[in-house]
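J.: To convert, count from 1 in the sequence shown and add 36; that's the numbering used here. We put the CB at the ideal spot given by N, CA and C, even for glycine. Keep in mind it's a predicted model, so treat the numbers as computed, not measured.
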Amino acid sequence: MTGLLDFLDFGHVVAEVLQALTPLVLFFLYFQVRYLKLPTEYVLNMVKGLALCVAGLILFLQGVQVGFMPVGTAMGEVLGAMDSTWPLIPIGFVLGLVATVAEPAVHILSQQVEKASSGSIKGKVILIALSLGVALFVALGMAKIIYGVPIHHILIPGYLAALVMMRFCDPTFIAIAFDAGGVATGPMTVTFVLAVALGIATAMEGRDPILDGFGLIALVALAPILSVMALGMIVTYAKRRS
37 MTGLLDFLDF
47 GHVVAEVLQA
57 LTPLVLFFLY
67 FQVRYLKLPT
77 EYVLNMVKGL
87 ALCVAGLILF
97 LQGVQVGFMP
107 VGTAMGEVLG
117 AMDSTWPLIP
127 IGFVLGLVAT
137 VAEPAVHILS
147 QQVEKASSGS
157 IKGKVILIAL
167 SLGVALFVAL
177 GMAKIIYGVP
187 IHHILIPGYL
197 AALVMMRFCD
207 PTFIAIAFDA
217 GGVATGPMTV
227 TFVLAVALGI
237 ATAMEGRDPI
247 LDGFGLIALV
257 ALAPILSVMA
267 LGMIVTYAKR
277 RS
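1) If you count every other CB in all the chains shown that lies within 10 Å of the CB of T58, and 16 or more means buried, which is it?
2) Where are the alpha helix (DSSP H) runs, 4 residues long or more, that stay fully inside the stretch 45-88, in chain order?
3) Are the CB atoms of T109 and L234 nearer to each other than 8 Å?
4) So, with DSSP's three-state summary, where would you put E139?
5) Just checking, does the stretch 156-164 make contact with the stretch 232-246 on the three C-beta pairs under 8 Å criterion?
6) Using a Cβ-Cβ cut-off of 7 Å (strictly less than) and excluding sequence neighbours within five positions of V49, which residues of its own chain qualify?
7) Apart from the five residues on each side of it in sequence, which residues of its chain come closer than 6 Å, Cβ to Cβ, to D248?
8) Does the count of Cβ pairs from the stretch 119-139 and the stretch 167-185 closer than 8 Å reach three?
9) At what residues does the alpha helix (DSSP H) containing L262 begin and finish?
10) Buried or exposed: where does P126 fall if 16 or more other Cβ atoms within 10 Å of its Cβ makes it buried?
11) Going by beta-carbon coordinates alone, are V264 and L166 separated by less than 8 Å?
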């Protein structure tokens with residue numbers, strides 16, 4: 037009963053969602069009255085979709101706060117307390133892969149890429165490259181926590197590598213790569229993977245949750261940039277060979 041009451045106590049989430057969406061609604065209404073003048077039926081359909089969006093965001097954010105993040109933290113604490121820490125690296129790979137495949141924004145990006153390129157760039161190829169890149173870097177993030185590697189030892193070489201890769205990558209993939217870095221850090225990945233990392237750093241002896249637990253999302257944002265540009269370099273090489 038207490039758990040149900042905790043879940044139903046989401047007034048603050050409702051306020052946050054309405055605060056975020058109200059400016060967008062007012063912006064649309066201004067353009068509708070002043071410029072667009074869309075048909076009434078079209079506007080009604082948009083209102084219905086907006087209502088579903090508001091309800092979905094409220095339920096999702098409340099579910100994340102009440103269930104998703106506590107579960108991730110609890111899992112991380114169990115994993116961090118294990119006698120052997122090396123299994124955290126393959127576990128991180130699997131968690132990163134699953135969380136990215138489940139990320140709605142990643143699927144939207146993949147679909148939009150395929151649509152905008154008239155099918156010449158397959159959405160599934162982008163999805164696979166992006167997901168594998170994130171999985172590898174979450175595994176790298178687990179190694180960072182285990183061995184106490186400073187975050188800048190990974191990020192600086194990573195972004196330098198990205199700058200070098202831009203020189204040899206198909207320009208079509210460069211913009212996609214940097215957008216992919218943004219969509220990969222969506223609500224599924226951030227809430228679950230970050231919670232697990234913090235739980236591991238909290239439970240592991242000699243690790244600080246602030247210094248070692250954070251920084252994983254920065255690696256997740258870098259991963260798709262490198263993996264999608266690597267895909268672009270392969271495409272560039274294949275074009276030159278043909």
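T.: Here's the rundown:
1) exposed
2) 47-67
3) yes
4) coil
5) no
6) Cβ within range, chain order: I94, L97 and Q98.
7) I181 and A237
8) Using a C-beta cut-off of 8 Å, the stretch 119-139 makes contact with the stretch 167-185, since at least three inter-stretch Cβ pairs fall below that distance.
9) Looking at the DSSP string, the run of the alpha helix (DSSP H) that includes L262 is L252 to R277.
10) exposed
11) yes
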